[in-house]
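Visitor: Here's a structure for you.
There are 2 protein chains.
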Amino acid sequence: MSGREDASFTAQLAFVAREVEAALAALLVRAAATEVPERLAAAMRHAVLGGGKRLRPFLLIETARLLGCSEKGPLTAGCAVELLHCYSLVHDDLPAMDDDDLRRGRPTVHKAFDEATAILTGDALLTLAFELMAAVEADAEIRIELVAFLGRAAGAAGMVGGQMLDLSAEGRFGTGESPLAEKDIRRLQAMKTGALLAFAVEAGAILGRARPRERSSLRQYGEALGAAFQIADDILDVEATSGTLGKATRKDAAKGKATLVAALGLERAKLERDALARRAIEALSGFDERAGLLRAAARFTIERQA
Amino acid sequence: MSGREDASFTAQLAFVAREVEAALAALLVRAAATEVPERLAAAMRHAVLGGGKRLRPFLLIETARLLGCSEKGPLTAGCAVELLHCYSLVHDDLPAMDDDDLRRGRPTVHKAFDEATAILTGDALLTLAFELMAAVEADAEIRIELVAFLGRAAGAAGMVGGQMLDLSAEGRFGTGESPLAEKDIRRLQAMKTGALLAFAVEAGAILGRARPRERSSLRQYGEALGAAFQIADDILDVEATSGTLGKATRKDAAKGKATLVAALGLERAKLERDALARRAIEALSGFDERAGLLRAAARFTIERQA
Numbered sequence: 146m147s148g149r150e151d152a153s154f155t156a157q158l159a160f161v162a163r164e165v166e167a168a169l170a171a172l173l174v175r176a177a178a179t180e181v182p183e184r185l186a187a188a189m190r191h192a193v194l195g196g197g198k199r200l201r202p203f204l205l206i207e208t209a210r211l212l213g214c215s216e217k218g219p220l221t222a223g224c225a226v227e228l229l230h231c232y233s234l235v236h237d238d239l240p241a242m243d244d245d246d247l248r249r250g251r252p253t254v255h256k257a258f259d260e261a262t263a264i265l266t267g268d269a270l271l272t273l274a275f276e277l278m279a280a281v282e283a284d285a286e287i288r289i290e291l292v293a294f295l296g297r298a299a300g301a302a303g304m305v306g307g308q309m310l311d312l313s314a315e316g317r318f319g320t321g322e323s324p325l326a327e328k329d330i331r332r333l334q335a336m337k338t339g340a341l342l343a344f345a346v347e348a349g350a351i352l353g354r355a356r357p358r359e360r361s362s363l364r365q366y367g368e369a370l371g372a373a374f375q376i377a378d379d380i381l382d383v384e385a386t387s388g389t390l391g392k393a394t395r396k397d398a399a400k401g402k403a404t405l406v407a408a409l410g411l412e413r414a415k416l417e418r419d420a421l422a423r424r425a426i427e428a429l430s431g432f433d434e435r436a437g438l439l440r441a442a443a444r445f446t447i448e449r450q451a
Numbered sequence: 146m147s148g149r150e151d152a153s154f155t156a157q158l159a160f161v162a163r164e165v166e167a168a169l170a171a172l173l174v175r176a177a178a179t180e181v182p183e184r185l186a187a188a189m190r191h192a193v194l195g196g197g198k199r200l201r202p203f204l205l206i207e208t209a210r211l212l213g214c215s216e217k218g219p220l221t222a223g224c225a226v227e228l229l230h231c232y233s234l235v236h237d238d239l240p241a242m243d244d245d246d247l248r249r250g251r252p253t254v255h256k257a258f259d260e261a262t263a264i265l266t267g268d269a270l271l272t273l274a275f276e277l278m279a280a281v282e283a284d285a286e287i288r289i290e291l292v293a294f295l296g297r298a299a300g301a302a303g304m305v306g307g308q309m310l311d312l313s314a315e316g317r318f319g320t321g322e323s324p325l326a327e328k329d330i331r332r333l334q335a336m337k338t339g340a341l342l343a344f345a346v347e348a349g350a351i352l353g354r355a356r357p358r359e360r361s362s363l364r365q366y367g368e369a370l371g372a373a374f375q376i377a378d379d380i381l382d383v384e385a386t387s388g389t390l391g392k393a394t395r396k397d398a399a400k401g402k403a404t405l406v407a408a409l410g411l412e413r414a415k416l417e418r419d420a421l422a423r424r425a426i427e428a429l430s431g432f433d434e435r436a437g438l439l440r441a442a443a444r445f446t447i448e449r450q451a
């Protein structure tokens with residue numbers, strides 16, 4: 146049963162990734178036909194197209210589908226979340242931030258273009274994410290709730306704040322001399338990675354007009370999944386090779402990044418990751434077999450190699 | 146008459162600036178009480194508080210008031226536009242962009258803090274602008290229209306795109322060897338500065354539920370005002386001193402920036418600025434004396450010294 150679900154998860158993830166890729170490509174082509182300067186349009190395409198698992202749109206679309214909403218809205222909202230995710234990668238890769246040259250097996254935007262273009266590309270993608278979310282095919286009340294939640298998840302108390310804590314933990318502002326305590330690392334990661342993954346699930350719940358109890362279960366699922374995903378990422382940074390991952394590896398330790406792998410050691414970090422994935426699956430106990438793909442997504446966080 | 150209007154314009158601009166300052170301060174204090182990391186919250190306050198004419202909120206609030214809407218919505222929407230304006234200043238000042246050390250008489254964010262903090266501060270303010278716009282005290286339909294329009298005005302086909310063209314015109318991407326033609330400079334400036342100023346007016350029209358003809362007049366007013374304002378800025382860069390302006394002057398020429406002052410010469414640029422201000426005032430001919438403050442705002446673009 147679980148094997149079959151996992152096979153269909155892989156197929157469905159790939160299917161959604163193609164749908165999202167096509168929708169984003171069409172969106173960026175439309176944008177380029179307007180007043181958008183050519184170099185900026187090219188850099189936006191470089192940042193967004195040709196790669197990525199599109200896990201956030203998948204979670205959003207599958208959550209909405211679980212609740213009976215399989216219209217166009219979830220795809221559009223999924224694209225908005227993906228644009229926001231892509232902006233965060235472009236800015237995180239900047240020389241003043243994580244200073245990465247490689248992303249999804251290709252040069253990062255500031256390497257393929259230049260630093261100013263990368264800053265503006267991130268700004269443009271962040272702005273486009275909100276513009277697109279405001280245009281989701283749904284009632285105005287639902288759209289405004291999506292925009293408001295996205296702002297909270299992506300902002301200073303969410304993703305951006307998490308990135309700030311991450312840089313602080315490297316000690317670069319002279320305030321992080323002692324390594325972060327476990328609970329601070331958890332807070333950092335819940336903000337940096339967890340908030341947007343959890344938002345993707347919650348946005349699906351909003352579009353699917355989840356009842357309060359369903360929404361609360363789905364929120365627990367999203368939060369546990371987000372935490373499992375970040376630990377899995379940190380484990381991959383230690384264990385995978387740059388070739389399979391498409392970006393530089395073993396950079397966390399070199400930079401003194403605050404990860405649970407560093408705090409707990411590799412084996413305990415794996416146990417924690419697995420426990421979180423189980424907790425995510427348990428949060429779905431109120432749903433029937435139609436939640437199979439979301440359950441498989443939780444297992445995927447444990448098993449993925451890239 | 147016009148002298149009285151100008152005096153009351155100055156008083157009202159100062160009054161709105163205090164209201165906006167207080168509202169933004171309260172907002173940023175509330176934000177700091179949440180999960181926002183301390184250093185990020187401090188940098189956000191540095192970027193937003195303690196200065197600025199708050200011209201965009203003024204235009205938004207006065208336009209809404211002209212149409213009979215003097216509730217809380219315009220102040221909130223005005224704060225959202227101002228947050229967006231402040232983010233653009235933080236990113237524009239970055240070393241990879243215009244590389245400015247001084248803003249409103251104080252060190253820029255990357256000077257007072259550091260480059261990574263400045264990038265994240267801009268990202269956080271941009272995100273907060275949308276979150277706040279989604280929370281404006283108005284119907285969901287109106288809020289979603291505001292968010293969508295803000296996205297368009299601020300994005301790749303608006304403000305961010307204009308900044309990209311501005312950098313291209315410096316020749317830094319090897320594509321701007323010949324100086325821009327006048328019409329390209331106008332396009333650049335309409336996007337870089339005009340779009341957000343025009344949005345401020347249009348947002349006031351949306352909140353004031355302007356009828357189509359009123360809205361069209363107000364759009365013309367906003368566009369002419371935005372263009373006049375940018376030329377006035379370029380003239381000030383040549384004529385003012387760093388002390389009165391609170392930022393470095395004569396940087397445009399040194400950098401080979403594409404300005405109408407460079408293209409037309411100082412005297413013709415002043416004539417153009419004045420003609421645009423008159424056009425802005427003419428666009429308001431369908432409104433009675435209640436549009437006096439907006440007319441005075443157009444004259445202010447000509448007369449301001451900072």
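Line by line, the protein sequences give chains H and B.
To convert, note that position 80 of the first sequence is 225 in our numbering; the numbers rise steadily by one, no gaps.
To convert, note that position 117 of the second sequence is 262 in our numbering; the numbers rise steadily by one, no gaps.
Where a beta carbon is used, it is the ideal one built from N, C-alpha and C, also for glycine.
How would you label proline 357/B, buried or exposed, when you count the other beta carbons within 10 angstroms and need 16 or more for buried?
Guide: Result: exposed.
Visitor: In terms of DSSP beta bridges, what is leucine 370/B paired with?
Guide: Its beta-bridge partners do not exist; DSSP assigns none.
Visitor: What does a CB cutoff of less than 7 Å around arginine 440/B pick up in its chain, not counting 5 residues either side in sequence?
Guide: Only Glu150, Ile426 and Leu429 meet the Cβ criterion.
Visitor: Are there 16 or more other CB atoms within 10 angstroms of the CB of threonine 179/H, so buried, or fewer, so exposed?
Guide: Result: exposed.
Visitor: In terms of residue numbering, what span does the alpha helix (DSSP H) encompassing arginine 331/H cover?
Guide: Residues 327 to 334.
Visitor: So, at 7 Å on beta carbons, what are the nonlocal neighbours of cysteine 224/H in its own chain, with the 5 sequence-adjacent residues on each side left out?
Guide: Same-chain partners within the cutoff: Val165, Ala168, Leu169, Leu172, Pro202 and Leu277.
Visitor: Count the other CB atoms within 10 Å of the CB of glutamate 434/B; is the residue buried (16 or more) or exposed (fewer)?
Guide: Glutamate 434/B comes out exposed.
Visitor: Look at the Cβ atom of arginine 424/H, then the Cβ atom of alanine 369/H, and state whether they are nearer than 9 Å.
Guide: Cβ atoms of arginine 424/H and alanine 369/H: closer than 9 Å.
Visitor: Within 9 Å (strictly less), CB to CB, does glutamate 286/H reach chain B?
Guide: Output row for glutamate 286/H: interface = yes.
Visitor: If you follow the alpha helix (DSSP H) that serine 233/B is in, where does it begin and where does it stop?
Guide: Counting along the chain, the alpha helix (DSSP H) containing serine 233/B begins and ends at 218 to 237.
Visitor: Give the DSSP-derived three-state secondary structure of leucine 212/H in the structure shown.
Guide: It is coil, neither helix nor strand.
Visitor: State the start and end residues of the unbroken alpha helix (DSSP H) segment that holds lysine 396/H.
Guide: Per DSSP, lysine 396/H belongs to the alpha helix (DSSP H) from 396 to 400.
Visitor: Would you kindly check if the distance between the Cβ of alanine 222/H and the Cβ of leucine 352/H is under 9 Å?
Guide: Against a cut-off of 9 Å, the Cβ pair of alanine 222/H and leucine 352/H comes out as a contact.
Visitor: Any heavy atom of the ligand ADP closer than 8 Å to the CB of glutamate 384/B?
Guide: As for the ligand ADP, it is missing from this structure, which has no ligand bound.
Visitor: Looking at C-beta atoms only, is the number of pairs between the stretch 192 to 210 of chain H and the stretch 226 to 244 of chain B that lie closer than 8 Å three or more?
Guide: Flag = no, the stretch 192 to 210 of chain H and the stretch 226 to 244 of chain B do not touch.
Visitor: To the nearest angstrom, how far is the alpha carbon of alanine 302/H from that of alanine 177/H?
Guide: Straight-line Cα distance between these residues: approximately 33 Å.
Visitor: Around the Cβ of glycine 195/B, are there at least 16 other Cβ atoms within 10 angstroms (buried) or fewer (exposed)?
Guide: So glycine 195/B counts as exposed.
Visitor: How long is the line joining the alpha carbons of leucine 409/B and glutamate 183/H, rounded to whole angstroms?
Guide: For leucine 409/B and glutamate 183/H, the distance between alpha carbons rounds to 26 Å.
Visitor: What does glutamate 180/H touch in chain B if you count any residue whose Cβ is under 7 Å from its own?
Guide: Near glutamate 180/H (Cβ distances below 7 Å), the residues of chain B are Ala302, Gly306 and Met336.
Visitor: Check each candidate in Gly300/H, Gly250/H, Leu310/H and Thr262/H and name the one with the smallest Cα separation from phenylalanine 344/H.
Guide: Considering only alpha carbons, the answer is Gly300/H.
Visitor: Please name the residue or residues paired with aspartate 252/H in a DSSP beta bridge.
Guide: Just to set this straight, residue 252/H is proline in the shown sequence, not aspartate. BP columns for proline 252/H point to Leu247/H.
Visitor: Counting only beta-carbon atoms, is arginine 184/B nearer than 9 Å to chain H?
Guide: With 9 Å as the cut-off, arginine 184/B counts as an interface residue toward chain H.
Visitor: Would you call alanine 348/H buried or exposed, if buried means 16 or more other Cβ atoms sit within 10 Å of its Cβ?
Guide: Alanine 348/H comes out buried.
Visitor: How close, in whole Å, do the beta carbons of alanine 274/H and leucine 185/H come, if the pair is a contact with beta carbons under 8 Å?
Guide: In fact, because the Cβ distance is near 16 Å, the residues do not count as touching under 8 Å.
Visitor: Just the C-alpha distance for valine 235/B and glycine 267/H, rounded to the nearest angstrom, thanks.
Guide: Their backbone Cα atoms lie some 14 Å apart in a straight line.
Visitor: Relative to the C-alpha of leucine 291/H, which residue among Gly306/H, Leu325/H, Pro240/H and Val346/H is closest?
Guide: Minimum Cα distance to leucine 291/H is reached at Val346/H.
Visitor: Counting only Cβ-Cβ distances shorter than 8 Å, please list the residues of the stretch 237 to 254 of chain B near chain H, keeping chain order.
Guide: So the list reads Leu239, Ala241 and Met242, given in the order they occur along the chain.
Visitor: Give me the residue from Ala162/B, Arg163/B, Arg190/B and Val161/B with the minimum Cα distance to arginine 175/B.
Guide: For arginine 175/B, the nearest C-alpha among the options comes from Arg190/B.
Visitor: Looking at the secondary structure, which residues open and close the alpha helix (DSSP H) in which glutamate 276/H lies?
Guide: Residues 260 to 278.
Visitor: Measuring only the C-alpha atoms, how far is alanine 373/H from leucine 416/H?
Guide: Near 10 Å, if we compare the C-alpha coordinates of leucine 416/H and alanine 373/H.
Visitor: Drop a sphere of 10 angstroms on the beta-carbon of lysine 217/B, count the other beta-carbons inside from all chains shown, and report buried for 16 or more, exposed for fewer.
Guide: Classification for lysine 217/B: exposed.
Visitor: Take proline 240/H and list the residues in its own chain whose beta-carbon comes closer than 8 Å to its own, dropping the five residues that flank it on each side.
Guide: If we look at proline 240/H and ignore the five residues flanking it on each side, its Cβ neighbours are His255 and Glu260.
Visitor: Just the C-alpha distance for arginine 249/H and methionine 309/B, rounded to the nearest angstrom, thanks.
Guide: Approximately 25 Å, taken between the alpha carbons.
Visitor: Which chain B residues are close to isoleucine 351/H, counting only those with a beta carbon under 9 Å from its beta carbon?
Guide: Near isoleucine 351/H there are no residues of chain B at all, since even the closest Cβ is about 13 Å away, more than 9 Å.
Visitor: To be precise: take each residue of the stretch 199 to 226 of chain H, compare its Cβ to all Cβ atoms of chain B, and keep it if any distance is under 7 Å. Which residues remain?
Guide: Against chain B - using a Cβ distance shorter than 7 Å - the stretch 199 to 226 of chain H contributes no residues.
Visitor: Classify glycine 367/B: buried if its beta carbon has 16 or more other beta carbons within 10 angstroms, exposed otherwise.
Guide: Result: buried.
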